[in-house]
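Peer 1: Numbering (the numbering used here), first residue to last: 1 to 538.
For each residue, glycine too, the CB sits at the ideal point set by N, CA and C.
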Amino acid sequence: MASNSFYSLEDSPGLIPKCAMLSRITSFQTHYTLHSGNHQLNRSDRKYPLVILSNRLPGANDAGGVVKLLASMSIPQTVIWAGPGAVVPDEKWSPELPPQIRSYRDQFLLVQYPVPATLKQAHYSIIANGVLWAALHGLEQQFNENIETLFGQTNPESQFSEAFAKYWQFNEIATKVVDRWIEPGGIVWCIDYQMVGVRSTIAGTRIMYSNCTPIPEVKRLSQMYVGSKTLLELPDFKKWIAQLCQYHLVALQRFHDLENLLAIGLKLDSTLKKIDLSKNIYYAFGNRVRLVDIPLGQNVKSLRTEANVAKTKYDQGRLSQTVKDLIDRHLIHQACSQKNLALVSRNDYTKGIRETIAAVNAYFQMYSGDVKFLFILQPARTQVVGYEKYRQMVDREMETLRATWAEKVVYVNQGIPHDELMLLLRNYIDFVLIMATHTDGHNLIAPEMLKVSPRNSRKGVIAVEGAGMTDYIGFENIFLCQDLSNANATAAVFAEAINMPGEQLIARFNRMQRKSLRINDRTYFNAHVNALLEGVVL
Numbered sequence: 001m002a003s004n005s006f007y008s009l010e011d012s013p014g015l016i017p018k019c020a021m022l023s024r025i026t027s028f029q030t031h032y033t034l035h036s037g038n039h040q041l042n043r044s045d046r047k048y049p050l051v052i053l054s055n056r057l058p059g060a061n062d063a064g065g066v067v068k069l070l071a072s073m074s075i076p077q078t079v080i081w082a083g084p085g086a087v088v089p090d091e092k093w094s095p096e097l098p099p100q101i102r103s104y105r106d107q108f109l110l111v112q113y114p115v116p117a118t119l120k121q122a123h124y125s126i127i128a129n130g131v132l133w134a135a136l137h138g139l140e141q142q143f144n145e146n147i148e149t150l151f152g153q154t155n156p157e158s159q160f161s162e163a164f165a166k167y168w169q170f171n172e173i174a175t176k177v178v179d180r181w182i183e184p185g186g187i188v189w190c191i192d193y194q195m196v197g198v199r200s201t202i203a204g205t206r207i208m209y210s211n212c213t214p215i216p217e218v219k220r221l222s223q224m225y226v227g228s229k230t231l232l233e234l235p236d237f238k239k240w241i242a243q244l245c246q247y248h249l250v251a252l253q254r255f256h257d258l259e260n261l262l263a264i265g266l267k268l269d270s271t272l273k274k275i276d277l278s279k280n281i282y283y284a285f286g287n288r289v290r291l292v293d294i295p296l297g298q299n300v301k302s303l304r305t306e307a308n309v310a311k312t313k314y315d316q317g318r319l320s321q322t323v324k325d326l327i328d329r330h331l332i333h334q335a336c337s338q339k340n341l342a343l344v345s346r347n348d349y350t351k352g353i354r355e356t357i358a359a360v361n362a363y364f365q366m367y368s369g370d371v372k373f374l375f376i377l378q379p380a381r382t383q384v385v386g387y388e389k390y391r392q393m394v395d396r397e398m399e400t401l402r403a404t405w406a407e408k409v410v411y412v413n414q415g416i417p418h419d420e421l422m423l424l425l426r427n428y429i430d431f432v433l434i435m436a437t438h439t440d441g442h443n444l445i446a447p448e449m450l451k452v453s454p455r456n457s458r459k460g461v462i463a464v465e466g467a468g469m470t471d472y473i474g475f476e477n478i479f480l481c482q483d484l485s486n487a488n489a490t491a492a493v494f495a496e497a498i499n500m501p502g503e504q505l506i507a508r509f510n511r512m513q514r515k516s517l518r519i520n521d522r523t524y525f526n527a528h529v530n531a532l533l534e535g536v537v538l
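Pasting the structure below:
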């Protein structure tokens, strides 16, 4: 059973003075709730070299790629994971916790801190999900609709500023938490873009940010409006970008996000220096930028074990009904020439889904052949602003596609067990379509398929948006759709992949697979984190 301890901000050593905004919150006193299987970790005077800061603690339904990577770390110092309270059940080490984290109960100290509901609402629902999510994903129309929904048409700029003020207050509380637990010269790993703005007053502390969300081009941001001003003209967004530019940036897989961030930064501050993107270590904004060019996935053995477990479940009739129906009704090839293409997304509210639907429709209009397209989408865990409207549009367009092309299109809009997904990727999917601008579970599907499938497989990976996947798989080994807004061009890429001779497809797949397996995720990431902790420039 996990031990519970409480620490008051006022009584804890090494804290900054209570900020003015907290003094205005009536009867509010911050306490920490600690959870760890190791009582030595809970000493009130303990400081830590690495604090992982998130807007949520890891829960049974939240264990994504970052959690898996975190669980694979084996750094010598103990790490704490901090997040606002009331986000997971009280007992973090209960059986509900993902096994990847539960097995490390003696290494991790989980810290919860309470945040007033009004700040949490403004921080997460309004600014993070309503403003930043749409902005960073380059969804101009969605952003403009969200602004009208959230702030109306009467003085939206003022309401925007008031909501952002609460966002900053939320992150001031997180700053106090950071200062309580970090040791001088330590690292704060800021996982979520929602936490940008958190800082530390402790000498030598470095804030490390993993860009787990896209950074759009400047021209997209210039088409987003709050009242009469563009997003780039608003002081709060300028401040948000400036804060991000001061962080130690760790680019997870995508060069072009760094390029876009630099372009935005240069537009807002002409004194910033250009960086050479041909190197693995960059110097920008006065901080080191390190490229971690690895997929954040599980290791090869565990993925193949999962696929084998699911195959046994299928043979024994214990597979989930959804996946069993997929296999029995749609995926068992009645003719050897049938090709199965699948868009697998762990979020049904993401840019690219509607464009892919249009491209599939164009493909069937332009080309013949025994082909089946699968859309396997998982409902969003958090309903962000505009989610319901977007989901309804996806549903309508998907139903039209299915009505037109009948059995050639399969739509699944529910979560399926990961082991069963691995079975699908290994045994039944010929081409996996991925959203290449994302790292939060979308393009993880590509390296997972590469790892789980045997060599000499007639398989392929198609990036249906952007060039992000080429950063760690290789341009020559992937079918790349450069402009997803052009449905006919995307359909032509589908046709190129489907019609490629088997021996060429095998050669491409083997090259991709070797590239994906070349670097051991755990070793590479450990070397990077340990070098940061030791102050070594890699």
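For L480, which residues of its own chain have a beta-carbon under 6 Å away from its beta-carbon, when the five flanking residues on both sides are left out?
Peer 2: Position 480 of the sequence shown, counted from the first residue, corresponds to residue 480. Excluding positions up to five away in sequence, the list reads A463.
Peer 1: I believe Y167 touches H123 by the beta-carbon criterion, under 8 Å. Please report the beta-carbon distance rounded to the nearest angstrom.
Peer 2: Here residue 167 refers to the residue found at position 167 when the sequence shown is read from its first residue. Here residue 123 refers to the residue found at position 123 when the sequence shown is read from its first residue. Right, the Cβ-Cβ distance comes to about 5 Å (below 8 Å), so this counts as a contact.
Peer 1: What did DSSP end up calling M435 once you bin it into helix, strand or coil?
Peer 2: For the purposes of this step, residue 435 is identified with residue 435 of the sequence shown, where counting begins at 1. The answer is coil: DSSP assigns M435 none of H, G, I, E or B.
Peer 1: Count the other CB atoms within 10 Å of the CB of K301; is the residue buried (16 or more) or exposed (fewer)?
Peer 2: Within the sequence shown, the letter at position 301 stands for residue 301. By the neighbour-count rule (16 or more Cβ atoms within 10 Å), K301 is not buried but exposed.
Peer 1: DSSP three-state call for P76: helix, strand or coil?
Peer 2: As a first step, residue 76 is located in the sequence shown; it is residue number 76 there, counting from the start. Only weak support exists for where P76 lies, its pLDDT of 46 falling under 50; the coordinates are left without a value.
Peer 1: What does DSSP give as the partner residues of N413 in its beta bridges?
Peer 2: Counting from 1 along the sequence shown, the entry for residue 413 is found at position 413. Per DSSP, L377.
Peer 1: Assuming I445 contacts V344 under a Cβ cut-off of 8 Å, what Cβ separation, rounded to an integer in Å, is found between them?
Peer 2: Position 445 of the sequence shown, counting from 1, holds the residue named residue 445. Position 344 of the sequence shown, counting from 1, holds the residue named residue 344. Between V344 and I445 the Cβ distance is about 5 Å, and since that is below 8 Å, they are a contact.
Peer 1: Near V309, which residues of its chain fall below 7 Å by C-beta distance, leaving aside the five closest residues on each side in sequence?
Peer 2: The residue given as residue 309 occupies position 309 in the sequence shown. The residues are D419.
Peer 1: Starting from the Cα of I207, find the closest Cα among I52, M435 and Q112 and give me that residue.
Peer 2: For the purposes of this step, residue 207 is taken as the residue at position 207 of the sequence shown. It is I52.
Peer 1: Helix, strand or coil for C245, going by three-state DSSP, please let me know.
Peer 2: To locate residue 245, count along the sequence shown from 1; it is residue 245. Note: C245 maps to helix in three-state DSSP.
Peer 1: If we count the other Cβ atoms within 10 Å of its Cβ and call it buried at 16 or more, is N171 buried or exposed?
Peer 2: The sequence position of residue 171 within the sequence shown is 171, counting from 1. N171 is buried by the Cβ-count criterion.
Peer 1: Helix, strand or coil for K47? Go by DSSP, reduced to three states.
Peer 2: Residue 47 sits at position 47 when you count from the first residue of the sequence shown. DSSP places K47 in coil when its eight states are reduced to three.
Peer 1: Considering only residues of the same chain and omitting the five flanking positions on each side of T118, which have a CB-CB separation below 8 Å?
Peer 2: By one-based count along the sequence shown, residue 118 stands at place 118. Within the same chain, T118 has close Cβ partners K166.
Peer 1: With H, G and I counted as helix, E and B as strand and the rest as coil, what does DSSP make of E420?
Peer 2: On the sequence shown, residue 420 is found 420 positions in, with the first residue counted as 1. If DSSP states are grouped into helix, strand and coil, E420 belongs with the helices.
Peer 1: Cutting at 8 Å between CB atoms, please list the residues of its own chain near N146, excluding the five before and the five after it.
Peer 2: Mapped onto the sequence shown, residue 146 falls at position 146. Answer for N146: G130, V131, A134, V385 and G386, listed in chain order.
Peer 1: For the alpha helix (DSSP H) holding S302, just list the boundary residues, first then last.
Peer 2: The count along the sequence shown starts at 1 and reaches residue 302 at position 302. Where S302 is concerned, the enclosing alpha helix (DSSP H) stretches over V300 to D315.
Peer 1: Does R318 come out as helix, strand or coil in the three-state DSSP assignment?
Peer 2: Mapped onto the sequence shown, residue 318 falls at position 318. Three-state result, R318: coil.
Peer 1: Please classify K351 as buried or exposed, where buried requires at least 16 other C-beta atoms within 10 Å of its C-beta.
Peer 2: The residue given as residue 351 occupies position 351 in the sequence shown. Burial call: buried.
Peer 1: For G204, count neighbouring C-beta atoms within 10 Å of its own C-beta (all shown protein chains included) and say buried if the count is 16 or more, exposed if not.
Peer 2: As a first step, residue 204 must be located in the sequence shown, where it is residue number 204. Classification for G204: exposed.
Peer 1: Between P417, P49 and P184, which has its C-alpha nearest E306's C-alpha?
Peer 2: Here residue 306 refers to the residue found at position 306 when the sequence shown is read from its first residue. When only C-alpha atoms are compared, the closest one is P417.
Peer 1: For N347, which residues does DSSP report across the bridge?
Peer 2: Stepping through the sequence shown from its first residue, residue 347 is reached at position 347. Answer is none; N347 lacks a bridge partner.
Peer 1: Assign T26 to one of two classes, buried (16 or more other C-beta atoms within 10 Å of its C-beta) or exposed (fewer than that).
Peer 2: Translated into positions along the sequence shown, residue 26 becomes position 26. Model confidence at T26 stands at a pLDDT of 25, short of 50, so the residue's coordinates are unreliable; what they give is reported in the following sentence. Classification of T26: exposed, given that the 10 Å Cβ count is below 16.
Peer 1: For V226, collect the residues of the same chain with a Cβ closer than 8 Å to its Cβ; drop the 5 residues on either side in sequence, then sort them by chain order.
Peer 2: The residue labelled residue 226 in the question sits at position 226 within the sequence shown. Answer for V226: I147, F151, P156, E157, F160 and L234, listed in chain order.
Peer 1: Leaving out the 5 sequence neighbours to the left and right, which residues in its chain are closer than 7 Å to T312 when beta-carbon positions are compared?
Peer 2: Indexing the sequence shown from 1 puts residue 312 at position 312. Here the set comprises nothing.
Peer 1: Nearest CA to the CA of P49: which residue from T201, L139, Q112 and G186?
Peer 2: Here residue 49 refers to the residue found at position 49 of the sequence shown. Answer by Cα proximity: G186.
Peer 1: Buried or exposed for G502, going by 16 or more other Cβ atoms inside 10 Å?
Peer 2: Position 502 of the sequence shown, counted from the start, is the residue given in the question as residue 502. Exposed.
Peer 1: Taking all protein chains shown into account, do 16 or more other C-beta atoms lie within 10 angstroms of the C-beta of M422, making it buried, or fewer, making it exposed?
Peer 2: As a first step, residue 422 must be located in the sequence shown, where it is residue number 422. Buried, since its Cβ has 16 or more Cβ neighbours within 10 Å.
Peer 1: If we require 4 or more residues per run, which alpha helix (DSSP H) segments fall completely within the segment 180-221?
Peer 2: Here the runs fully enclosed are 218-221.
Peer 1: Between the alpha carbons of Q153 and S453, how many angstroms are there, rounded?
Peer 2: In the sequence shown, residue 153 corresponds to position 153, counting from 1. In the sequence shown, residue 453 corresponds to position 453, counting from 1. Roughly 53 Å separates the two Cα atoms.
Peer 1: Evaluate contact between the segment 357-364 and the segment 395-402, counting only Cβ atoms and requiring at least three cross-stretch pairs below 8 Å.
Peer 2: Yes, since at least three Cβ pairs between the segment 357-364 and the segment 395-402 fall closer than 8 Å, the two stretches touch.
Peer 1: Excluding the 5 residues flanking I332 on each side, which residues of the same chain have their C-beta closer than 7 Å to its C-beta?
Peer 2: Residue numbering aside, residue 332 sits at position 332 when the sequence shown is read from its first letter. Excluding residues within five positions, none has a Cβ falling inside 7 Å.
Peer 1: Assuming D348 and N413 make a contact with CB atoms under 8 Å, what is their CB distance in whole Å?
Peer 2: Taking the sequence shown and counting its residues from 1, one reaches residue 348 at position 348. Taking the sequence shown and counting its residues from 1, one reaches residue 413 at position 413. With a Cβ gap of about 6 Å, D348 and N413 count as contacting.
Peer 1: I need the boundaries of the alpha helix (DSSP H) containing A491, first residue and last residue.
Peer 2: On the sequence shown, residue 491 is found 491 positions in, with the first residue counted as 1. A487 to N499 is the extent of the alpha helix (DSSP H) around A491.
Peer 1: Just mark E140 as buried or exposed, buried being the case when its beta carbon has 16 or more other beta carbons within 10 Å.
Peer 2: The residue given as residue 140 occupies position 140 in the sequence shown. Classification for E140: buried.
Peer 1: Give me whichever residues DSSP pairs with A82 in a beta bridge.
Peer 2: Taking the sequence shown and counting its residues from 1, one reaches residue 82 at position 82. Its beta-bridge partners are L53 and V111.
Peer 1: Measuring only the C-alpha atoms, how far is Y363 from I202?
Peer 2: Here residue 363 corresponds to residue number 363 of the sequence shown, with the count starting at 1. Here residue 202 corresponds to residue number 202 of the sequence shown, with the count starting at 1. Using only the alpha carbons, I get a separation of about 57 Å.
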